[in-house]
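First residue of the sequence shown? That's 6 in the working numbering, and the numbers climb one at a time after it.
Written out below as structure tokens is the structure these notes cover.
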Amino acid sequence: MVLQIKPTKPEPTVTWTALPADYILPDDPVENIQQPILAAALNDALGAAQLIQSEMLIGSNFGLVATVNKKIVVKAPDWFYVPQVQPVAEGVIRRSYTPHLEGAPVAVVMEFLSETECGELSVRSTPPYGKLYFYEHILKVPIYVTYDPYEGNLEVRSLHDGKYRFESPNENGHFWIPQLDLFLGIWQGERLGQNISWLRWWDKSENLLLWSSEEAEQEKQRAEQEKQRAEQEKQRAEQEKQRAEQEKQRA
6 MVLQIKPTKP
16 EPTVTWTALP
26 ADYILPDDPV
36 ENIQQPILAA
46 ALNDALGAAQ
56 LIQSEMLIGS
66 NFGLVATVNK
76 KIVVKAPDWF
86 YVPQVQPVAE
96 GVIRRSYTPH
106 LEGAPVAVVM
116 EFLSETECGE
126 LSVRSTPPYG
136 KLYFYEHILK
146 VPIYVTYDPY
156 EGNLEVRSLH
166 DGKYRFESPN
176 ENGHFWIPQL
186 DLFLGIWQGE
196 RLGQNISWLR
206 WWDKSENLLL
216 WSSEEAEQEK
226 QRAEQEKQRA
236 EQEKQRAEQE
246 KQRAEQEKQR
256 A
């Protein structure tokens, strides 16, 4: 009997070159109707907590670029985070991001699941490349998050020796994302009239990072409570004044 050994496919040759000025980026519609609001909610909480710095790049449906075997490949994740990028010239709008050339490698990528060819879980290793393959073998993103908002299923993969492996949540169902020093998990509730399962951040002490609307509501409640305390103090002072007047009259 002759054993046939399947040849190992060589790793792609990846280089980091500038995107040509005349390159037409894909302008595909979002594949998941909840994608824009989920991504916006993640950003809103980071902004409200003042965790977004000017040197960071946090984007949604924004092209990440690599040159694979001398051909340009662009993928636009639903959400991504780069800790440090080079600033663009004044008046210039960043059209895309090429890791290593324009700044640090991409640290975290999130995709919200959809039914598409070469989709979020595809390991297709030939053009147009599956997204999982692209993030694992080409961009080599340390953390890859996939989320199905309809099923409420959240999975986190981390890169170890060039391969993704699943991470386990803690007892609260939250996943530690070391690149952001935050936990990520699912929260059921309402925002902007949408009652769905949201992705949300928690700090290392498991305190929920509030959205700006929640912070504003808390501030409103604190102001109302302070107003009530001031009114109560005013009433107590008035009562004390009346008692003093009564004591004076009796004397």
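Even glycine gets a Cβ: it sits at the ideal position worked out from N, Cα and C.
From a predicted model like this one, the values you see are computed outputs, not experimental measurements.
Exclusion of the five residues before and after arginine 196 leaves Ile42, Ala46, Trp203, Trp216 and Ser218 as the residues of its chain whose Cβ lies within less than 8 Å of its Cβ. In the DSSP assignment, asparagine 177 falls outside any alpha helix (DSSP H) and carries neither an H nor an E. Across the structure, alanine 94 and lysine 145 are spaced so that their CA atoms are roughly 28 Å apart. The alpha-carbon separation between aspartate 153 and lysine 76 amounts to approximately 31 Å. At the C-beta level, glycine 178 and glycine 194 stay beyond 8 Å of one another.
Using a C-beta cut-off of 8 Å, the segment 53-60 makes no contact with the segment 95-106, since fewer than three inter-stretch Cβ pairs fall below that distance. Sequence-distant partners of leucine 24 (beyond 5 residues in either direction) whose C-beta falls short of 6 Å from its own C-beta, in its chain, are Val70 and Ser101. Look at histidine 105 here: in three-state DSSP terms it is coil, with no helix or strand label. Secondary structure of glycine 167 (DSSP, three-state): coil. Rounded to whole angstroms, the separation of the alpha carbons of valine 111 and arginine 205 is 20 Å. Uninterrupted beta strand (DSSP E) stretches at least 3 residues long and entirely within the segment 43-94 occur at 62-64, 68-73, 76-80 and 84-87, given in chain order. In this structure, DSSP gives arginine 205 an extended state, which the three-state scheme calls strand. When DSSP states are grouped into helix, strand and coil, arginine 162 belongs to the strand group. Nearest neighbour of threonine 22 by Cα position, chosen from Ala50, Asp83, Gly108 and Leu164, turns out to be Gly108. C-alpha of arginine 162 to C-alpha of valine 90: approximately 24 Å in a straight line. Counting only the Cα atoms, glutamine 240 lies some 10 Å from arginine 234. When only Cα atoms are considered, isoleucine 182 and tyrosine 169 end up about 15 Å apart. Around the Cβ of glutamine 40, a 10 Å sphere holds 16 or more other Cβ atoms; the residue is buried. Residue pairing by DSSP places tryptophan 192 opposite Trp203 in a beta bridge.
Between the beta-carbon of valine 150 and that of tyrosine 138 there is about 16 Å, and that puts the pair past the 8 Å contact cut. Rounded to the nearest whole angstrom, the C-alpha separation of glutamate 16 and asparagine 74 is 10 Å.
Selection Tyr155, Met115, Lys209 and Lys232 evaluated against leucine 187 yields Lys209 as nearest (Cα-Cα). Annotated three-state conformation of tyrosine 149 is strand, per DSSP.
For glutamate 116, there is no enclosing alpha helix (DSSP H); the enclosing beta strand (DSSP E) covers residues 113-117. Rounded to the nearest angstrom, the gap between the Cα atoms of glutamine 230 and asparagine 48 is 30 Å.
Per the C-alpha coordinates, the member of Lys232, Trp192, Lys80 and Ser65 positioned closest to proline 132 is Lys80.
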